[in-house]
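Chains as they are written, first to last, in the numbering used here: chain A, 1 to 217; chain B, 218 to 333.
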């Protein structure tokens, strides 16, 4: 009730002046959004992403699956795009590291993960690429090979590789490393890493707080 | 449901838009520009049981109120002004590793209010 000195009709307490009420509502809105995103505070951005890379990546996003989920299994659907940090690379192999540290928030269940990378190939050439999935060993020691995929690439442009359960498990642990190894001799790796518009990235569909969701009493 | 206007004291929906730029969140929330944190406010006296936008069927509302008031022995009790229609809030934001996250938070925006 905007009238000063009035009584709040809901809780009977003293009515707030408009400015204090606005502050209270803004604070409530912040807390409500952070709670639903399983965040304790707003993120501080470590490495801002360029508008170009953002626009390129968003073209590969699609809405979460629309089929209705049984009520007891409904969790919050999320789609995540992680841009690669390029690790040790040379003409024989390209290493891509992906980090996702909010994995513990609300119990995350990876449903699907795929790698997107840009290739510049000479005309009429085909190129066989091995993609190795490396995971951290016990006690976060060195990286071990979990599985690998073989890919035939015969045109320049964006290519997508659906990653299997090993990569999904690694991602839900918060750290995924991929190695792109060209088969046969190449003068230089056709995978384009540099430039904001061609940064490799992984798109992941997750369900947060699914089957293990605390039942509402 | 009814939107609050002027000094209305009856149960209605109060619109309240939170502009992410105003609260300094526009750097990490890519889309949308803000959040309609509408809320329900106002009173639900006995005689409005069953009015349009009610949170239950007419029969149920009146019956519940009568039962509650007979049981409590009080006259003129009321019910609560609650959301009767809500929709999700779709967010596109950066997490602390600069990953881009797209998610739909269910039941975040109140579209209508009514007396329970």
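Backbone N, C-alpha and C define an ideal beta-carbon position, used for all residues, glycine too.
In the displayed model, residue 47(A) falls within coil according to three-state DSSP, outside both helix and strand.
Judged by DSSP in its simplified three-state form, residue 301(B) adopts strand. Taking a contact as a CB-CB distance under 8 Å, the pair residue 45(A) and residue 245(B) counts as one, their CB atoms being some 6 Å apart.
Of all C-beta pairs linking the stretch 314-329 of chain B to the stretch 76-85 of chain A, three or more are shorter than 8 Å, placing the two stretches in contact. The three-state reading of DSSP puts residue 249(B) in coil, since its state is none of H, G, I, E or B. Measuring C-alpha to C-alpha distances from residue 154(A) to each of 134(A), 170(A), 167(A) and 118(A) identifies 118(A) as the nearest. With the criterion set as a beta carbon lying under 8 Å from some beta carbon of chain B, the members of the stretch 44-58 of chain A are 44, 45, 46, 47, 48, 49, 54, 57 and 58, in sequence order.
Residues of the stretch 310-328 of chain B with a C-beta less than 8 Å from any C-beta of chain A: 310, 311, 312, 313, 314, 315, 316, 317, 318, 319, 320, 321, 322, 323 and 325, listed in chain order. For residue 254(B), the chain A residues whose C-beta falls within less than 8 Å of its own C-beta are 25, 28, 29 and 32, listed in chain order. At a cut-off of 8 Å, the C-beta of residue 152(A) has no neighbouring C-beta in chain B. Shown here for residue 312(B): same chain residues with a beta carbon closer than 6 Å to its own, the five before and five after excluded, namely 318 in chain order.
Judged by DSSP secondary structure, residue 82(A) falls within the beta strand (DSSP E) whose first and last residues are 76-83. Using a Cβ-Cβ cut-off of 9 Å, residue 240(B) is close to 26, 29 and 30 of chain A, given in chain order.
DSSP, read as helix, strand or coil, puts residue 159(A) in strand. By the rule that beta-carbons nearer than 8 Å mark a contact, residue 244(B) touches chain A. Closer than 8 Å to the CB of residue 299(B) there is not a single CB belonging to chain A.
Closest by C-alpha distance to residue 179(A), out of 206(A), 195(A), 196(A) and 147(A), is 147(A). For residue 99(A), the C-beta contacts it makes with chain B under 7 Å involve 314, in order along the chain. As the crow flies, the alpha-carbon of residue 36(A) is around 10 Å from that of residue 30(A). Residue state for residue 324(B) is assigned as strand, using DSSP reduced to three classes. Between residue 100(A) and residue 82(A) a beta carbon distance of about 6 Å is seen, short of the 8 Å cut, so the two are scored as contacting. Here the alpha carbons of residue 255(B) and residue 162(A) stand approximately 41 Å from one another. Under the three-state reduction of DSSP, residue 183(A) is assigned to coil, being neither helix nor strand. Annotation: residue 19(A) has no Cβ neighbours in chain B at a cutoff of 9 Å; minimum Cβ distance is about 14 Å. For residue 20(A), there is no enclosing beta strand (DSSP E); the enclosing alpha helix (DSSP H) covers residues 18-36.
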